[in-house]
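Here the structure is laid out as structure tokens; the discussion comes afterwards.
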Amino acid sequence: MLLARNFIESGEVILCAEHAAVAEMLKQGEYRIKAFVAADPQGNAVPPCGRCRELISQLSKENLEAVVEVENDMFVLLKDILPYDWKTNRGREWNGAIHAEIRTHSDY
Ligand SMILES: [Zn+2]
Numbered sequence: 354m355l356l357a358r359n360f361i362e363s364g365e366v367i368l369c370a371e372h373a374a375v376a377e378m379l380k381q382g383e384y385r386i387k388a389f390v391a392a393d394p395q396g397n398a399v400p401p402c403g404r405c406r407e408l409i410s411q412l413s414k415e416n417l418e419a420v421v422e423v424e425n426d427m428f429v430l431l432k433d434i435l436p437y438d439w440k441t442n443r444g445r446e447w448n449g450a451i452h453a454e455i456r457t458h459s460d461y
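To convert, note that position 3 of the sequence shown is 356 in our numbering; the numbers rise steadily by one, no gaps.
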């Protein structure tokens, strides 16, 4: 299970913890997420932002089945909070984009 805490000040998202967690996963060669939760500073579950939904969905098509706690004790699947996914039926390779981007950045 991936636990992530969002850092929010004055209502503005500074850094989503999901991105740091995903970076650590990719360094270990892992991309599958079974469940995750974002939390506000008080520790209450909040829905992940759109950017994080998209990032996690791009890691693996299987991540669309990840369980997400969107409110305390309320669980949904990632695919249910990522409607009209642009990746659906596009024939793309799900694991290729992010790995390719990491290689590009390491080349600099
Ligand atoms: Zn986010």
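Virtual Cβ for every residue (Gly too), placed ideally from N, Cα, C.
| message | Going by DSSP, what residue range makes up the beta strand (DSSP E) through E424? | response | V420 to E424
| task | Select from V420, K414 and A391 the residue whose C-alpha is nearest the C-alpha of D438. | result | K414
| field | Residues passing the C-beta test against ligand 1 heavy atoms, cut-off 6 Å | value | C369, E371, P401, C402, R404 and C405
| query | Is I409 near I386, with beta carbons less than 7 Å apart? | reply | Against a cut-off of 7 Å, the Cβ pair of I386 and I409 comes out as a contact.
| request: Work out the CA separation of L379 and A392 for me, nearest whole Å. | output: 22 Å
| Under a three-way DSSP split, which group does L435 fall into? | coil
| task | Could you tell me whether the Cβ atoms of V421 and L412 are closer together than 7 Å? | result | no
| field | Range covered by the beta strand (DSSP E) that runs through L412 | value | Here L412 belongs to no beta strand (DSSP E); instead the alpha helix (DSSP H) covers G403 to L412.
| request: Give me the Cα-Cα distance between V423 and P394, rounded to the nearest whole angstrom. | output: 15 Å
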